[in-house]
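Participant: This structure is in structure tokens; I'll ask about it shortly.
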Amino acid sequence: MIRKIQPTAIALLLATHASCQAPSDDDAKPAVFQPQKPAEIPTYSYRVICAFPHDPTAFTQGLLYNDGFLYESTGQYGQSSLRKVELKTGAVLQLHQLDDRFFAEGLALFGNRLLQLTWRSNKGFAYRLDSFEPLAEFTYPTEGWGLTYDGELLVMSDGSSTLYFRDPFTFAEVSRITVAAHDKPVSQLNELEWIADEVFANIWQTDTIARINPATGQVSGWIDLTGLLSDADRRGSNAEVLNGIAYDPEGERLFVTGKWWPKLYQIELISPSPKGTP
Numbered sequence: 004m005i006r007k008i009q010p011t012a013i014a015l016l017l018a019t020h021a022s023c024q025a026p027s028d029d030d031a032k033p034a035v036f037q038p039q040k041p042a043e044i045p046t047y048s049y050r051v052i053c054a055f056p057h058d059p060t061a062f063t064q065g066l067l068y069n070d071g072f073l074y075e076s077t078g079q080y081g082q083s084s085l086r087k088v089e090l091k092t093g094a095v096l097q098l099h100q101l102d103d104r105f106f107a108e109g110l111a112l113f114g115n116r117l118l119q120l121t122w123r124s125n126k127g128f129a130y131r132l133d134s135f136e137p138l139a140e141f142t143y144p145t146e147g148w149g150l151t152y153d154g155e156l157l158v159m160s161d162g163s164s165t166l167y168f169r170d171p172f173t174f175a176e177v178s179r180i181t182v183a184a185h186d187k188p189v190s191q192l193n194e195l196e197w198i199a200d201e202v203f204a205n206i207w208q209t210d211t212i213a214r215i216n217p218a219t220g221q222v223s224g225w226i227d228l229t230g231l232l233s234d235a236d237r238r239g240s241n242a243e244v245l246n247g248i249a250y251d252p253e254g255e256r257l258f259v260t261g262k263w264w265p266k267l268y269q270i271e272l273i274s275p276s277p278k279g280t281p
């Protein structure tokens, strides 16, 4: 969750025209206000760099990359877990099973601790990174969906259009923002990843990831991953929606997967072409 990819800056250019001859006082007219139109939000497509095996029984709720391995939080009552996964093979190298009464959700790394949310229990758990030894529990008043770390604070989603910034030591709320696209709130924010000073957020029940400015809450870009999991890979599986974003800062690799997906993908984002170009 270390920042690397630099987001695309979007600017709206306004042209001004000066008259060759200044008008006289008699000819002067009041300027007509021209409202500024909002800049179009770009939509990125993708290119698959590599596909890796992924446990099709893993109902992916949280995903992150650290030191050559994936760490994954899987959901469903009676099946929720915390996992260390080998990237190339998808093999589960380490597993902590949660009590059956918990439905695990988002996952973040803070120092040598893994922090895991639960859906409706208003409770989260902290574990040692190396051993998965339970270290502490923490509470919050909302549902728990996605979780990431921006280098100073934890960023949490609860399925609404709100992102909460929380103290990583106490989990106390420090601030919050409303995520919006052209002032229209964007809800169903799910799994989160901090990449290059932006929050990447899965939009639940869609094939879309939102790139969010954490200072303003405005969506700076959409990532359309339609068709990523092929029809052939869906057949004979229980594959559900896209969910799971992880980033390797050293290799500048972006990984995505979904709930019960048999594959995890390394992808490259493709910027939209400027208007008027093929």
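First residue of the sequence shown: 4, per the numbering used here; consecutive thereafter.
Every residue gets a Cβ at the ideal spot worked out from N, C-alpha and C, and that includes glycine.
Predicted model only: the values in this text are computed from it and were never measured.
What are the residues that DSSP puts in a beta bridge with aspartate 238?
Facilitator: The residue given as residue 238 occupies position 235 in the sequence shown. Here residue 238 turns out to be arginine, not aspartate, going by the sequence shown. Bridge partners of arginine 238: none, in fact.
Participant: Using only the alpha-carbon positions, how far apart do valine 51 and isoleucine 212 sit?
Facilitator: What you label residue 51 is simply residue 48 of the sequence shown in a count that begins at 1. What you label residue 212 is simply residue 209 of the sequence shown in a count that begins at 1. Taking the straight line joining both Cα atoms gives about 16 Å.
Participant: Which term fits arginine 214, buried or exposed, when burial requires 16 or more other beta carbons within 10 angstroms of its beta carbon?
Facilitator: By one-based count along the sequence shown, residue 214 stands at place 211. So arginine 214 counts as buried.
Participant: How close, in whole Å, do the beta carbons of alanine 107 and leucine 101 come, if the pair is a contact with beta carbons under 8 Å?
Facilitator: Counting from 1 along the sequence shown, the entry for residue 107 is found at position 104. Counting from 1 along the sequence shown, the entry for residue 101 is found at position 98. 6 Å between Cβ atoms; contact.
Participant: Answer yes if the region 162 to 170 comes into contact with the region 114 to 121, meaning at least three C-beta pairs across the two stretches below 8 Å, and no otherwise.
Facilitator: The answer is no - the region 162 to 170 does not touch the region 114 to 121, with fewer than three Cβ pairs under 8 Å.
Participant: Taking the C-alpha atoms as reference points, what is the distance between glutamate 243 and serine 223?
Facilitator: The count along the sequence shown starts at 1 and reaches residue 243 at position 240. The count along the sequence shown starts at 1 and reaches residue 223 at position 220. Cα-Cα distance, rounded: 26 Å.
Participant: For the candidate residues Pro275, Leu232, Glu255, whose alpha-carbon lies nearest to that of tryptophan 264?
Facilitator: For the purposes of this step, residue 264 is identified with residue 261 of the sequence shown, where counting begins at 1. Of Pro275, Leu232, Glu255, the residue nearest in Cα terms is Leu232.
Participant: Would you mind working out which of Gly147, Gly149, Phe168, Trp148 sits nearest leucine 157, comparing C-alpha positions?
Facilitator: Here residue 157 corresponds to residue number 154 of the sequence shown, with the count starting at 1. The option with the nearest alpha carbon to leucine 157 is Phe168.
Participant: Quick one: is phenylalanine 203 buried, meaning 16 or more other Cβ sit within 10 Å of its Cβ, or exposed?
Facilitator: Position 200 of the sequence shown, counted from the start, is the residue given in the question as residue 203. It is buried - the Cβ of phenylalanine 203 has at least 16 other Cβ atoms within 10 Å.
Participant: Within the continuous beta strand (DSSP E) that includes serine 286, where are the two ends?
Facilitator: One cannot answer for residue 286 here, as it falls past the ends of the chain, which runs 4 to 281.
Participant: Can you tell which of Tyr80, Gly78, Asn125, Leu90 has the C-alpha that lies nearest to the C-alpha of valine 259?
Facilitator: Position 256 of the sequence shown holds residue 259. Ranking the options by Cα distance to valine 259, first place goes to Leu90.
Participant: From threonine 173 to phenylalanine 128, what distance separates their C-alpha atoms?
Facilitator: Looking up residue 173 in the sequence shown gives position 170. Looking up residue 128 in the sequence shown gives position 125. Between threonine 173 and phenylalanine 128, the C-alpha separation is close to 12 Å.
Participant: Compute the distance between the beta-carbons of glycine 149 and leucine 195, then report whether it is under 8 Å.
Facilitator: Taking the sequence shown and counting its residues from 1, the one referred to as residue 149 is at position 146. Taking the sequence shown and counting its residues from 1, the one referred to as residue 195 is at position 192. Yes. Within cutoff.
Participant: Just reading off the beta strand (DSSP E) that tyrosine 47 is part of, what are its end residues?
Facilitator: Within the sequence shown, residue 47 is the residue found at index 44, counting from 1. Counting along the chain, the beta strand (DSSP E) containing tyrosine 47 begins and ends at 46 to 56.
Participant: So what does leucine 257 bridge to, in DSSP terms?
Facilitator: Sequence index remark: in the sequence shown, residue 257 carries index 254 (1-based). Bridge partners of leucine 257: Tyr250, Ile270.
Participant: Since alanine 213 is in the beta strand (DSSP E), which residue starts that stretch and which ends it?
Facilitator: Position 210 of the sequence shown, counting from 1, holds the residue named residue 213. Here the beta strand (DSSP E) through alanine 213 covers 211 to 215.
Participant: Exposed or buried, arginine 85, counting other C-beta atoms within 10 Å across all chains shown (16 or more means buried)?
Facilitator: Taking the first residue of the sequence shown as 1, we reach residue 85 at position 82. Per the sequence shown, the amino acid found at residue 85 is leucine instead of arginine. Buried, because 16 or more other Cβ atoms sit within 10 Å of the Cβ of leucine 85.
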